[in-house]
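Numbering (my numbering), first residue to last: -13 to 123. Take a look at the structure set out below.
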Amino acid sequence: MYHQEVRWLSRGNLAHFPNLKEVDRTQSTAAEKGTEYAQIITDRQEEFRRRFKDFHSSEDAITLFAQPFSVRADTVPEELQMQLIKFQCDSWLKQKFDKVPLNEFYKFVIGEISGDQNTCSEDALALRKHIHLWADI
């Protein structure tokens, strides 16, 4: 949809840009402006891709970190699969995940809230370690 809208702009078609239609009514050069705006949008899109290309390579690790209970175990590295399955089967952790913000959940998982590492399961610690290592790859 985005690419098509830029193409429409470059052709001077303002059908999907109501604010620019208003400009068109007040200025006679709106068709020329459409081409100019299309180029600006295309340039911004390329800049966005360039700046955030690193996120694409880390997308799986980010998803695992942000949504650990919805990631399929067969999509993560083999050395992480068993810890992830055990982690996902822990209904108490799932309830905690659903109730608190992500940063608080991970503080809890690594035992930072109470300062006691014994409050954290071995599987949760192993999962955290693997997520960290995987994100560095």
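Quick reminder that beta carbons are idealized off the backbone N, C-alpha and C, glycines included.
Helix, strand or coil at residue i [DSSP, three-state]
{"i": "ASP76", "result": "coil"}
{"i": "ARG58", "result": "coil"}
{"i": "PHE38", "result": "coil"}
{"i": "PRO63", "result": "coil"}
{"i": "PRO4", "result": "helix"}
Straight-line Cα distance separating residue j from residue i
{"i": "ASP124", "j": "GLU45", "result": "It is not possible to answer for residue 124, since the shown part of the chain is limited to -13 through 123."}
{"i": "GLU22", "j": "ARG37", "result": "23 Å"}
{"i": "ILE27", "j": "HIS42", "result": "21 Å"}
{"i": "ASP60", "j": "MET68", "result": "10 Å"}
{"i": "LEU88", "j": "GLU65", "result": "24 Å"}
{"i": "LYS82", "j": "PRO63", "result": "25 Å"}
{"i": "PHE94", "j": "PHE73", "result": "14 Å"}
{"i": "ARG35", "j": "ALA52", "result": "22 Å"}
{"i": "VAL86", "j": "GLN25", "result": "43 Å"}
First and last residue of the uninterrupted alpha helix (DSSP H) at residue i
{"i": "VAL95", "result": "88 to 95"}
{"i": "THR49", "result": "45 to 52"}
Which listed residue (the options) has its alpha carbon closest to that of residue i
{"i": "SER56", "options": "GLN31, PHE94, ASP40, LEU70", "result": "LEU70"}
{"i": "SER77", "options": "PRO54, PHE34, ALA47", "result": "PRO54"}
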